[in-house]
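Converting from the sequence shown to the working numbering requires adding 5 to each position, the first position being numbered 1. C-beta: ideal position from N, C-alpha, C; glycine also.
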Amino acid sequence: MVSKSLREWLRVLEQDGVLKHVGREVNLEHELAAVGKKACGTYAVWFDKPIGERLPKDNKIPVVTGICGNRAMFAKAMGVSAREMSGTFSEAQAHPIEPVVVPPGEAPVKAVVTRQVNLYGLPIPVHHEKDSGQYITAGVVVAKDPVTGQRNVSIHRLQVTDKNHLGVLLLPRHLMALQRMAEKSGNPLEVAICIGLDPTALLSS
C-alpha cells in the first residue's frame, strides 16, 4: 500500500503525471461528470472551481474524479503489479488485520457534532441527464450491527433529496439486513458516510 489517505494518493498521481488540474469554473450539473468520464481510465482530474446553483459562491472545496480509473492505478495503490492484484486481494481477505482503535483525542481527524447539516454546501454533481438530482457516487457507508456492534462497510450511490437527507437503494445484502434489524427494534441504524477515501479503502469496501 503506497498511501494511507486521499491526499497521499493524489500526490502519487501527481508525481506519475496522471493527475490533471482544471482551474476554470466547471458546472456540477452534467459538465463536471462529462469531463471526468472522458478522462477516466487515463487521468484523474482535480476540479479546483466547481460551481452549482445551490453551491455557495465562496466554495473552496474541490472535486476529484477517476482516482482509480484503471487496473494499473489500483495495482499501484496496493503496491503490487496488475497480475498480483487478485492473489493479493484474496490473501488480504483471508487474513484480515485488526484495526487500531485510538482515543478520540488522538484521532487524525476531529469530530464536528452539529444538527445544522447542509448538503447543498458540498460540491455534489448531477451526473447524468436523467438523474433525478445530485448523487454522491463514492460514499462508503459504515453501518453498526445493532446486535453485535460489528461494522459493515459498503459503497452506495446516495441521492441528495434535500439539504439534510439522502436517499439510498438497499439491495438484499448486509446493509438491508442491518436496516431491517434496526427497524424491527424501533431504533435508527447507526451509520457514517465516508467521502474522500484512498483507493485501497474503496476497493476493500
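Top-ranked residue by Cα proximity to residue i, from the options
i, options, result
"Thr-47", "Thr-70, Arg-59, Gln-155 and Lys-54", "Thr-70"
"Thr-119", "Asn-169, Ile-160 and Pro-104", "Asn-169"
"Gly-126", "Val-147, Leu-180, Lys-65 and Gln-98", "Lys-65"
"Thr-166", "Leu-15, Ile-72 and Ile-141", "Ile-141"
"Pro-130", "Glu-96, Ala-39 and Pro-177", "Ala-39"
"Gly-41", "Val-68, Val-17 and Gly-22", "Val-68"
"Arg-178", "Ala-116, Ile-56, Ile-160 and Gly-110", "Ile-160"
"Val-7", "Trp-51, Glu-58 and Val-85", "Val-85"
"Val-27", "Lys-54, Lys-43, Gln-20 and Ala-143", "Lys-54"
"Glu-195", "Ser-209, Leu-208, Val-146 and Ser-210", "Val-146"
"Leu-124", "Glu-58, Glu-89 and Arg-76", "Glu-58"
"Ala-148", "Met-181, Arg-162 and His-132", "Met-181"
"Gly-74", "Pro-61, Ile-198, Lys-43 and Asp-63", "Lys-43"
Anticipated Cβ contact below 8 Å, residue i with residue j, distance rounded
i, j, result
"Leu-202", "Leu-11", "6 Å"
"Ser-190", "Pro-151", "6 Å"
"Ile-200", "Gly-144", "6 Å"
"Gln-164", "Leu-171", "6 Å"
"Ala-116", "Pro-109", "7 Å"
"Ala-97", "Ala-87", "About 16 Å separates the two Cβ atoms, so there is no contact after all."
Three-state secondary structure assigned by DSSP to residue i
i, result
"Val-17", "helix"
"Tyr-140", "strand"
"His-179", "helix"
"Ser-28", "As written in the sequence, residue 28 is Gly, which differs from the Ser given in the question. Residue state, collapsed to three classes: strand."
"Leu-171", "strand"
"Gln-164", "strand"
"Lys-189", "helix"
"Ala-197", "strand"
"Ser-159", "strand"
"Glu-103", "coil"
"Ala-148", "strand"
Taking three-plus beta-carbon pairs below 8 Å as touching, is the region 173 to 191 in contact with the region 126 to 138? No: the two stretches stay apart, fewer than three of their Cβ pairs being nearer than 8 Å.
Any contact between the region 32 to 49 and the region 152 to 168? By contact I mean 3 or more CB pairs, one from each, below 8 Å. Cβ pair count under 8 Å is below three, so no.
Check whether the region 101 to 110 touches the region 16 to 34, counting contact only when three or more Cβ pairs, one atom from each stretch, lie closer than 8 Å. These segments do not touch.
Could I get the ranges of all uninterrupted alpha helix (DSSP H) runs contained in the region 37 to 96, with 4 residues as the minimum, in chain order? Qualifying alpha helix (DSSP H) stretches, in chain order: 76 to 83.
Report yes or no: do three or more beta-carbon pairs, one from the region 190 to 207 and one from the region 78 to 87, lie closer than 8 Å? The region 78 to 87 and the region 190 to 207 touch, with three or more beta-carbon pairs separated by less than 8 Å.
Please give me, in chain order, every unbroken run of the beta strand (DSSP E) with length at least 3 that falls completely inside the region 114 to 138. Those beta strand (DSSP E) runs which fall completely within the region 114 to 138 and span 3+ residues do not exist here.
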